[in-house]
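A.B. asks:
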């Protein structure tokens with residue numbers, strides 16, 4: 021019998037196949053695991069004015085309109101989180117918008133040209149177009165739609181992109197401003213990585229100030245037979261009691277106003293509404309992100325106390341503030357009582373990547389805990405991790421190689 025018999029050649033081929041297949045299998049599993057862990061909550065949804073190159077509106081830059089005018093707002097989705105660096109590839113997005121229907125109307129059945137429209141000409145590489153997974157729906161003070169790239173995942177959105185336009189008609193004066201906001205609890209964005217994880221991190225509202233149309237300002241009409249020096253206000257048909265704006269009574273923090281980067285801190289906004297309820301609280305942290313909270317902390321009642329955590333990663337001084345919105349779209353006035361100045365120092369050297377410690381005075385050491393409030397996401401049951409898979413494959417492969425080697429020399 022020759023040294024390389026037929027049986028030995030078969031065993032040798034079997035061993036060579038194992039030595040080739042096992043590393044390739046582990047390589048693909050590692051790549052799949054790396055891809056699965058890549059979803060990041062860093063997507064922003066905002067309103068912009070047409071022809072402004074996607075510059076997001078916010079409550080500090082109101083849009084000015086008169087009664088009985090249309091206002092169109094483009095809706096932009098930014099998967100980069102404002103950085104310009106690709107972080108997600110969005111394939112499905114749900115837009116859910118709240119507004120005061122006593123001041124604005126978006127339902128197309130109540131006016132020509134109102135409601136959602138979608139880009140007709142979009143880049144060939146990405147965009148939703150008019151692919152409505154769930155068609156537009158309009159209820160009292162709400163408009164919603166769910167958009168999808170369809171069956172072509174190559175059109176997934178990875179950069180800041182206009183995905184829709186919504187047009188409102190102004191119905192009544194709102195000189196103090198009326199808010200148009202995304203409902204963050206119902207709006208979402210999902211990516212190619214995991215279609216069940218919401219990667220939407222923040223939504224930015226728009227503020228519209230509506231002036232009375234010319235000739236509608238109330239006038240003083242003198243009573244016949246009375247001296248003109250004693251006029252009385254004319255009663256205006258349909259006049260209603262002016263909305264009293266909500267009041268922000270304080271913005272509290274859970275630690276000192278200064279610390280080392282990354283510096284985590286929790287803000288608590290307190291306030292009330294004299295003649296209605298608080299519908300949302302918008303936190304502007306001063307470093308770019310703006311977050312609107314629409315649930316919890318008493319939202320939906322007259323008095324609120326809403327907490328929101330935030331982490332500052334850059335070292336400088338920031339001014340954080342909170343704005344309350346009531347059920348009629350009124351916004352709280354900006355005041356020093358609802359602001360905090362936060363100073364973030366550079367991270368100390370030699371920490372070895374450990375927990376950064378922020379010192380309170382005169383209290384000794386307080387460890388800054390990173391406690392951001394996550395968006396709702398899929399709950400997973402505990403399952404074996406990728407390490408268990410790799411060990412299992414390696415163990416089986418090693419056992420087969422040992423058996424094959426013994427047979428190779430035994431036969």
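Residue numbers (the working numbering): 21 to 431. We put the beta carbon where it would ideally sit given N, CA and C, even for glycine.
Would you call residue 88 buried or exposed, if buried means 16 or more other Cβ atoms sit within 10 Å of its Cβ?
C.D. replies: Residue 88 sits at position 68 when you count from the first residue of the chain shown. Burial call: exposed.
A.B. asks: From residue 294 to residue 103, what distance separates their C-alpha atoms?
C.D. replies: The residue you call residue 294 lines up with position 274 of the chain shown. The residue you call residue 103 lines up with position 83 of the chain shown. When rounded, the distance between both Cα atoms is 40 Å.
A.B. asks: What residues in its chain sit with their C-beta under 6 Å from that of residue 327, if we drop five residues either side in the sequence?
C.D. replies: Locating residue 327 in the chain shown gives position 307, where the first residue counts as 1. Excluding positions up to five away in sequence, the list reads 286, 288.
A.B. asks: Taking the alpha-carbon positions, what's the residue 465 to residue 323 distance?
C.D. replies: With the chain represented from 21 up to 431, any question about residue 465 goes unanswered, as that position is not in the structure.
A.B. asks: If I'm right that residue 174 touches residue 421 with Cβ under 8 Å, what's the distance once you round it to whole angstroms?
C.D. replies: Within the chain shown, the letter at position 154 stands for residue 174. Within the chain shown, the letter at position 401 stands for residue 421. The pair is not a contact, with the Cβ atoms about 41 Å apart (cut-off 8 Å).
A.B. asks: What is the C-beta distance between residue 116 and residue 203, in whole angstroms, given that I count them as a contact (C-beta under 8 Å)?
C.D. replies: By 1-based counting over the chain shown, the position of residue 116 is 96. By 1-based counting over the chain shown, the position of residue 203 is 183. Sure, about 4 Å apart at Cβ, within 8 Å.
A.B. asks: Against chain B, does residue 345 count as a neighbour if the rule is that its beta carbon must be under 8 Å from one of theirs?
C.D. replies: The structure shown contains no chain B, having only a single protein chain.
A.B. asks: Determine, using beta-carbon pairs with one atom in the segment 208-216 and one in the segment 127-137, whether at least three such pairs fall under 8 Å.
C.D. replies: Because the criterion of three Cβ pairs below 8 Å is not met, the segment 208-216 and the segment 127-137 do not touch.
A.B. asks: Over the uninterrupted beta strand (DSSP E) stretch that includes residue 117, give me the two end residues.
C.D. replies: On the chain shown, residue 117 is found 97 positions in, with the first residue counted as 1. Looking at the DSSP string, the run of the beta strand (DSSP E) that includes residue 117 is 110-118.
A.B. asks: On the three-state DSSP scale, how would you describe residue 61?
C.D. replies: Counting from one through the chain shown, the residue named residue 61 turns up at place 41. Residue state, collapsed to three classes: coil.
A.B. asks: Alpha carbon to alpha carbon, how far is residue 153 from residue 109? Give it in angstroms, no decimals.
C.D. replies: What you label residue 109 is simply residue 89 of the chain shown in a count that begins at 1. What you label residue 153 is simply residue 133 of the chain shown in a count that begins at 1. One C-alpha to the other measures close to 17 Å.
A.B. asks: Within 10 Å of its beta-carbon, does residue 40 have 16 or more other beta-carbons around it, so buried, or fewer, so exposed?
C.D. replies: The residue labelled residue 40 in the question sits at position 20 within the chain shown. Classification for residue 40: exposed.
A.B. asks: Locate the beta strand (DSSP E) running through residue 216, then write down its first and last residues.
C.D. replies: On the chain shown, residue 216 is found 196 positions in, with the first residue counted as 1. Per DSSP, residue 216 belongs to no beta strand (DSSP E) and is neither H nor E.
A.B. asks: Express the C-alpha separation of residue 94 and residue 191 in angstroms, rounding to a whole number.
C.D. replies: Position 171 of the chain shown, counted from the first residue, corresponds to residue 191. Position 74 of the chain shown, counted from the first residue, corresponds to residue 94. Looking at the two C-alpha atoms, the distance is approximately 20 Å.
A.B. asks: Which runs of the beta strand (DSSP E), 3 residues or longer, sit entirely within the segment 141-222?
C.D. replies: Within the segment 141-222, the complete beta strand (DSSP E) runs of at least 3 residues are 152-159, 162-168, 181-190, 194-202, 208-211.
A.B. asks: Quick check on DSSP: helix, strand or coil for residue 364?
C.D. replies: As a working note, residue 364 is residue 344 in the chain shown. In the structure shown, residue 364 sits in a strand (DSSP, three-state: E or B).
A.B. asks: Taking its Cβ as the centre, do 16 or more other Cβ atoms sit within 10 Å of residue 351, making it buried, or is it exposed?
C.D. replies: Residue numbering aside, residue 351 sits at position 331 when the chain shown is read from its first letter. It is buried - the Cβ of residue 351 has at least 16 other Cβ atoms within 10 Å.
A.B. asks: Between 359, 364, 309, 303, which lies nearest to residue 334 when the distance is taken from Cα to Cα?
C.D. replies: What you label residue 334 is simply residue 314 of the chain shown in a count that begins at 1. Looking at the Cα atoms, 364 is the closest of the given residues.
A.B. asks: Do you know how far the Cα of residue 120 is from the Cα of residue 160?
C.D. replies: Residue mapping note: residue 160 aligns to position 140 of the chain shown, counting from 1. Residue mapping note: residue 120 aligns to position 100 of the chain shown, counting from 1. Rounded to the nearest angstrom, the two C-alpha atoms are 9 Å apart.
A.B. asks: DSSP state of residue 276, grouped into three classes?
C.D. replies: Reading the chain shown from its first residue, position 256 is the one you call residue 276. Note: residue 276 maps to coil in three-state DSSP.
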